[in-house]
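First up is the structure itself, then whatever we jot down about it.
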DNA sequence: CCTCCGGCACCCTAAACATGGGGGTCAGCC
DNA sequence: GGCTGACCCCCATGTTTAGGGTGCCGGAGG
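Chains as they are written, first to last, in my numbering: chain S, 77 to 294; chain Z, 77 to 294.
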């Protein structure tokens, strides 16, 4: 198998050189570059076209999040593993939104680091256990699904979800085979229950709380 | 360390018994029950109060998703690892929404299975690499952040995000220190760019595509 | 230089909407 | 039987929106 081309971004010189030593020594890794910050990330990535980047987040000035989004915009096939001491949700999710393929804390033992790099190449998404858990937490449904909280009836849910599609009253009336006045009536009750007083507000509420399915778009 | 109390749900008798053998033999696991379906899951969980459940998804009648949600509602501290041949998104995300702490495919080698159980106890979230990747995909912002796709200007983005909060034109005008007619003007352009023709539709579009931050609600 | 575009402002009109009434049927529950 | 809640319909009033103009300014770029 062709060796995996690896690039490291890490500001602390001592840590960087030990990473170089450690990972560069692995037979099937080819460490083709390591840098203390992301100032020239675009040039570096374009020149080296690495398979995997190990990216520290906390670096002066041009930090890891900056580097990550640059990499993903100019050479998206490069897999980026975030490597940091930080465990705060904001950094985690910003990284994942920007397309990071893994997220490791710096207390990760070297062997695991190596495994993570191999893993990411094989289509995995290596994460420190605690991080993985955080990620899963995001998926949990809001307790009792709020729909019951607002107690919208079946018909009301139907109407409001059509509203959320941007339909006019007329269109909603047609689709549900009821009169436009009835639609109005339902909306009155819905607005009361949701404690809003405009359709747009209602749409915002139901979408934010995922009360309705939007289906796919466009 | 106190042994981890484990319960297995798996309909295939052969697989179930080999799991029993394998995992029961581990010194720090205490296999306190194994069942071919979730018919009596409530009674069983209440009686055994396991630390971890290894849950097959595909079982006749009372399946793993059913079991999972029952467990999470009656004894939420029990960690549930889904264990299945299925890799389809719907099952994955339904499981995670319902509170599963891990998701393993059945091709997972036994050692990894054991590790996963230990992992989940330590607050991890063991996942087959491919699954982890799927999960991360969900977090990715829509490609190039569509904002650029729709090419909304800064002001337009601002206006439309206030609109998404349910504000009226008047309110938006006040908040942005511009005239209400200007707000109207911006909205006209926005609607054109988003290819919609009502505020509610616009709200739906921006929320679905996560073009704006809604901040937290209520 | 001049043109384009974002941002700003104003006007008008017709349509859509929010809100307040007034009704009514039917099913389920005490 | 009386009550409640979901669902249905109609009317009237005033406000808000959508969509169509027109015009002015300033900065970016041909």
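We put the CB at the ideal spot given by N, CA and C, even for glycine.
- Taking the Cα of residue 123 of chain Z as reference, the smallest distance to any Cα among Z/150, Z/131, Z/112, Z/278 is reached at Z/150.
- Judged by DSSP secondary structure, residue 216 of chain S falls outside any beta strand (DSSP E); it is assigned neither H nor E.
- The beta carbon of residue 89 of chain Z is closer than 8 Å to those of 112 in its chain, skipping five residues each way along the sequence.
- Look at the region 158 to 181 of chain Z: the residues with a C-beta under 8 Å from a C-beta of chain S are 169, 172, 173, 174, 175, 176, 177.
- Taking CB atoms only, residue 206 of chain Z has a neighbour in chain S less than 9 Å away.
- Rounded to the nearest angstrom, the gap between the Cα atoms of residue 136 of chain S and residue 161 of chain S is 15 Å.
- Around the beta carbon of residue 204 of chain Z, a 10 Å sphere encloses 16 or more other beta carbons of the protein chains shown; the residue is thus reported as buried.
- Residue 169 of chain Z: member of the alpha helix (DSSP H) spanning 165 to 173, first to last residue.
- Contact annotation for residue 131 of chain S against chain Z: no contact, minimum CB-CB distance about 15 Å [criterion: below 7 Å].
- With a threshold of 9 Å between beta carbons, residue 104 of chain Z makes no contact with chain S.
- When C-beta atoms of the region 237 to 249 of chain S are compared with those of the region 241 to 257 of chain Z, fewer than three pairs fall below 8 Å, so the two segments do not count as touching.
- Comparing alpha-carbon positions, the option among Z/169, Z/184, Z/176, Z/186 lying closest to residue 201 of chain Z turns out to be Z/176.
- Taking C-beta atoms as the reference points, residue 256 of chain S and residue 228 of chain S fail to come closer than 9 Å.
- With distances taken between CA atoms, residue 184 of chain S lies nearest to S/130 out of S/130, S/101, S/276.
- Note on geometry: alpha-carbon atoms of residue 84 of chain Z and residue 110 of chain Z lie some 4 Å from one another.
- For residue 128 of chain S against residue 82 of chain S, the beta-carbon gap comes to about 5 Å, under 8 Å, which counts as contact.
- Residues of the region 183 to 207 of chain S with a C-beta less than 7 Å from any C-beta of chain Z: 195, 198, 199, 200, 201, 203, 205, 206, listed in chain order.
- Residue 234 of chain Z has its alpha-carbon roughly 41 Å from the corresponding atom of residue 198 of chain S.
- For residue 237 of chain S, no chain Z residue has a C-beta closer than 7 Å to its own C-beta; the minimum C-beta separation is roughly 10 Å.
- Residue range 256 to 270 is occupied by the alpha helix (DSSP H) that includes residue 257 of chain Z.
- Under the 9 Å criterion on CB atoms, residue 228 of chain S is classed as non-interfacial with respect to chain Z.
- In this chain, the beta strand (DSSP E) harbouring residue 157 of chain Z covers 155 to 160.
- Residue pairing from DSSP places residue 129 of chain Z in a beta bridge opposite Z/83, Z/156.
- Taken through DSSP and simplified to helix, strand or coil, residue 142 of chain S comes out as helix.
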